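**Student:** One structure follows; several queries about it will come next.
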Amino acid sequence: MHPASVLDRSVPVLVTGTAGFIGFHLALRLLEEGFAVVGVDNVNDYYDVRIKWDRLNILEKHAGFTFHRVDCEDRQAMEAVFDGYPFRVVVHLAAQAGVRYSLINPYAYVDSNLMGFMNILEGCRRRNVGHLVFASSSSVYGANTRMPFSVHHNVDHPVSLYAATKKANELMAHTYAHLYGLPCTGLRFFTVYGPWGRPDMALFLFTRAILRGEPIKVFNYGKMRRDFTYIDDIVEGVFRVMARAPQPDASWTGDAPDPGTSAAPYRIYNIGNNHPVELMAFIRTLEECLGMEARKEFLPMQPGDVPATAADIDDLMRDFGFRPATSIHEGIQKFVDWYRDYYEGNREGSFR
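Below you can see the structure in the form of structure tokens.
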């Protein structure tokens, strides 16, 4: 039986995706808390790699950080990483992200999100890891319209390949929890934003366009609602979850199977702001923080997208005392301040 408390400062934590947005922030939090972190990332060019290297340069200033530039789908390379350290906790955040890109390059999602996750599961199984925490996504709710989205709802109707791969990750993790007793916790992230964010996300795209005097693309004619979640709140939630491995739910029954729990050591949680914001209100807040008005190009809904997301985080609040603390205005202002600082001088003009 794996222990319920698994975080230990005497052994390193494996964090995949450390050149990425969430992985960078989580690794930085762990390093500042005195943990050693082994980071894995392939530093791919899905978006400009300079911001990825700049994130890594910050992490590498910490003596406790070790970086391996490998693909998670590279089986031999990942076996070597797992064999090189006595991991007790693994946080798997590396993935091919983006709903819209999955319509253009579907094979990237199969390679990274399915084969890559398979190698993580096998590494955890072989090395008897005490807790695997992995990134899922609010996109798994797909065609669901009942709000707020709950982990106890059925999620069998994805509307993008990206969402389907994230749902597959949840199923794969449950199988390993059931067969091998590997404690797995999946976290469904809801529209994460903040400093060092992904350049393909709305806040980044909007900010860049407004500062350049270019129009912003407002999909579904602005009739979108998102549970925007500030990065520090996400990291706080992940940090709390890491410390306690799930135990089998004794009340779970196959007669009325609960998708959010299991008779195996497996749990799924939503991690969001629990306060959906209309896209036009989000844009108005950004305009206030920038002191500039956006030129808006209203467009129809994009294929694979959903009109609204809202997170039911009751389980995460109950089990871990998690409660998001950052207002949308505070979070956007922090992003704007970072953006202007990061891209001051000639850097902004060279970004693509």
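Going by the working numbering, the first residue of the sequence shown is number -15, and it counts up by one from there.
Here a beta-carbon is modelled for each residue, glycine too, at the ideal position from N, C-alpha and C.
None of these values were measured; they are calculated from a predicted model.
1) Under the DSSP definition of a beta bridge, which residues are partnered with Phe173?
2) Counting Cβ pairs, one atom from each stretch, are 3 or more of them under 8 Å apart for the region 239 to 252 and the region 150 to 162?
3) Can you grab the Cα-Cα spacing for the pair Ala265 / Glu314, in whole Å?
4) I want to know whether the region 10 to 24 touches the region 47 to 59 - three or more CB-CB distances under 8 Å.
5) Hey, how far is the Cα of Ile255 from the Cα of Tyr327?
6) For Tyr93, count neighbouring C-beta atoms within 10 Å of its own C-beta (all shown protein chains included) and say buried if the count is 16 or more, exposed if not.
7) So Glu187 and Tyr177 are supposed to be a Cβ contact under 8 Å. How far apart are they, rounded?
8) So, with DSSP's three-state summary, where would you put Tyr160?
9) Put Leu(-2) into one of helix, strand or coil per three-state DSSP.
10) As a quick exercise: from Thr191, Gly82, Tyr31, Leu98, pick the residue whose alpha carbon is nearest that of Lys151.
11) For Trp37, I'd like the list of residues in its chain whose CB is within less than 8 Å of its CB, leaving aside the five on either flank, ordered along the chain.
12) Looking only at its own chain, which residues have a Cβ that is under 7 Å from the Cβ of Arg84, when we skip the five neighbours before and after it?
13) List the endpoints of the continuous beta strand (DSSP E) containing Thr269.
14) Between Arg331 and Glu44, what straight-line distance do the alpha-carbon atoms span, to the nearest angstrom?
15) Check each candidate in Arg324, Met102, Ser(-6), His136 and name the one with the smallest Cα separation from Thr149.
**Tutor:** This is what the structure holds:
1) According to DSSP, Phe173 bridges with Ser121, Ile255.
2) Contact between the region 239 to 252 and the region 150 to 162 is established, with three or more Cβ pairs separated by less than 8 Å.
3) Near 14 Å, if we compare the C-alpha coordinates of Glu314 and Ala265.
4) Taking 8 Å as the limit for Cβ pairs, the verdict is that the region 47 to 59 does touch the region 10 to 24.
5) Spanning the alpha carbons of Ile255 and Tyr327 requires a straight line of approximately 30 Å.
6) By the neighbour-count criterion, in which a residue is buried when 16 or more other Cβ atoms sit within 10 angstroms of its Cβ, Tyr93 is buried.
7) Reading off the sequence shown, one finds Leu at residue 187, where the question assumed Glu. A Cβ-Cβ distance of about 5 Å is found for the pair Leu187 and Tyr177, placing them in contact under the 8 Å criterion.
8) Tyr160: helix per DSSP, three-state reduction.
9) Residue state, collapsed to three classes: strand.
10) Among Thr191, Gly82, Tyr31, Leu98, the Cα nearest to that of Lys151 is on Leu98.
11) Take Trp37, set aside five residues on each side of it, and the residues of its chain with a beta-carbon closer than 8 Å to its own are Ala3, Val27, in chain order.
12) Once the five neighbours on either side are set aside, the close Cβ partners of Arg84 are Gln286, Gly288.
13) Per DSSP, Thr269 belongs to no beta strand (DSSP E); it is in the alpha helix (DSSP H), 263 to 274.
14) Model confidence at Arg331 stands at a pLDDT of 49, short of 50, so the residue's coordinates are unreliable; what they give is reported in the following sentence. Straight-line Cα distance between these residues: approximately 22 Å.
15) Thr149 has its Cα closest to that of Met102, out of Arg324, Met102, Ser(-6), His136.
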